[in-house]
């Protein structure tokens with residue numbers, strides 16, 4: 001196995017780790033959004049944060065680190081449109097995951113805990129902002145796959 005093969009495997013492993021986190025986040029968001037029990041809401045919010053912090057963030061960091069190294073080894077131009085767009089999408093992807101989804105999940109978790117403490121009736125809660133953010137993450141992930149698979153203009 002040469003260096004390019006090893007870097008490709010590491011890059012793909014990071015990408016799969018990131019994609020698994022995004023897929024899990026999507027399932028949790030859409031399944032948990034229908035919950036009416038406070039415990040289920042709290043649990044789904046915890047799982048959302050865990051998906052971001054344990055899969056999306058580290059997976060995307062591994063993917064970009066080894067992907068950048070791979071591009072350097074293959075002597076791709078970092079000024080190429082597909083690479084520049086990929087980096088821009090990566091920043092947007094991490095920004096949405098860590099700046100929108102994770103904080104909103106933490107807020108939902110706190111609201112459910114406060115409702116538990118107050119002893120009020122269970123209420124359903126659909127966080128449309130989080131749902132839209134998760135869909136945006138999925139769209140960005142599909143764009144990553146397209147850019148990495150086709151390398152338009154390379």
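Numbering (the numbering used here), first residue to last: 1 to 154.
Glycine included, C-beta positions come from ideal geometry on N, C-alpha and C.
Within 10 Å of its beta-carbon, does residue 153 have 16 or more other beta-carbons around it, so buried, or fewer, so exposed? Your numbering for residue 153 matches position 153 in the chain shown. So residue 153 ends up on the exposed side.
Residue 8 by DSSP, collapsed to three states: which one? In the chain shown, counting from the first residue as 1, residue 8 sits at position 8. Of the three classes helix, strand and coil, the one that applies to residue 8 here is helix, per DSSP.
Determine the direct distance from the alpha carbon of residue 138 to that of residue 23, and round the result to whole angstroms. Here residue 23 refers to the residue found at position 23 when the chain shown is read from its first residue. Here residue 138 refers to the residue found at position 138 when the chain shown is read from its first residue. Cα-Cα distance, rounded: 8 angstroms.
Give every residue of the same chain whose Cβ lies closer than 7 angstroms to the Cβ of residue 49, excluding the five residues on either side of it in the sequence, and list them in chain order. In the chain shown, counting from the first residue as 1, residue 49 sits at position 49. Same-chain partners within the cutoff: 102, 105 and 106.
Count the CB pairs spanning the region 34-54 and the region 106-117 that are closer than 8 angstroms, and state whether there are at least three. yes
Can you check whether the CB of residue 67 is closer than 8 angstroms to the CB of residue 17? Stepping through the chain shown from its first residue, residue 17 is reached at position 17. Stepping through the chain shown from its first residue, residue 67 is reached at position 67. Taking 8 angstroms as the Cβ cut-off, residue 17 and residue 67 do not qualify as a contacting pair.
Residue interval of the alpha helix (DSSP H) (run including residue 103): Locating residue 103 in the chain shown gives position 103, where the first residue counts as 1. That run of the alpha helix (DSSP H) goes 102-118.
From residue 83 to residue 36, what distance separates their C-alpha atoms? Counting from one through the chain shown, the residue named residue 83 turns up at place 83. Counting from one through the chain shown, the residue named residue 36 turns up at place 36. One C-alpha to the other measures close to 43 angstroms.
Going by DSSP, what residue range makes up the alpha helix (DSSP H) through residue 149? Here residue 149 refers to the residue found at position 149 of the chain shown. Unbroken alpha helix (DSSP H) run through residue 149: 128-150.
Beta-carbon separation of residue 32 and residue 20 under 8 angstroms? Here residue 32 refers to the residue found at position 32 of the chain shown. Here residue 20 refers to the residue found at position 20 of the chain shown. Against a cut-off of 8 angstroms, the Cβ pair of residue 20 and residue 32 comes out as no contact.
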